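Residue numbers (the working numbering): 32 to 228. In this text, a Cβ means the ideal position worked out from N, Cα and C, and glycines have one as well. A quick note: this is a predicted structure, and the numbers were derived from the prediction, not measured. Inspection log for the structure reproduced underneath, given as structure tokens.
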């Protein structure tokens, strides 16, 4: 389950500066060419400070993605409580909007080839919001894990392509594209249109 880690402000700022440094370095350098020394110099932190917070440069992104999903999950749970929402489209719309607002993070994930972190985060959200997810998809026990993987992977693939191509559609238009496409795939896989009415 997601829970927002309470951090000392120094730790929070150090992690933000480190992420910002990596993001800026990626503007002109390939990820595999960037050294930890480059990151700490750009962030203005010591090597000891870096290693208190991270073990590798991948950890900078892993931690940032983890925080993104923690904040999203807590926010969406609170919104559902306040609005007494049972609409699964609300969940998808809010997730796509959150991704839209986190362009630096998404760009960094794509440039570093750590996109699996986003797919895993989406899977975690699906698992924690099963009741809402199952209003869209009604998989049988045998196909459940495959269906969840397909949903998570396709959501990320669509979002990634959207970012890479300059976000020509709005987040709302993207949700509609996703739902129409997903319904077609669901019908092709399971042949039952009645679940998607």
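- Residue 123 is positioned such that its CB atom lies no closer than 7 Å to that of residue 182.
- Note on residue 75: under 16 other CB atoms within 10 angstroms of its CB, so exposed under the neighbour-count rule.
- Look at residue 65 here: in three-state DSSP terms it is coil, with no helix or strand label.
- Just measuring C-alpha positions, the residue of 210, 192, 42, 97 sitting nearest residue 82 is 42.
- Under the DSSP assignment, residue 50 falls in the alpha helix (DSSP H) whose first and last residues are 40-57.
- Cα atoms of residue 140 and residue 158: separation of roughly 22 Å, rounded to the nearest angstrom.
- CA-to-CA, the gap between residue 149 and residue 133 works out to about 12 Å.
- The beta carbon of residue 49 is closer than 6 Å to those of 74, 91 in its chain, skipping five residues each way along the sequence.
- Around the Cβ of residue 79, a 10 Å sphere holds fewer than 16 other Cβ atoms; the residue is exposed.
- Contact between residue 145 and residue 89 is confirmed by a C-beta separation of about 7 Å, below the 8 Å threshold.
- Cβ-Cβ separation between residue 208 and residue 200: approximately 7 Å, consistent with a contact (criterion under 8 Å).
- Assignment of residue 146 by DSSP, reduced to helix, strand and coil, places it in the coil class.
- Residue 95 and residue 104 have their C-alpha atoms roughly 14 Å apart.
- Under the DSSP assignment, residue 86 falls outside any alpha helix (DSSP H); it carries neither an H nor an E label.
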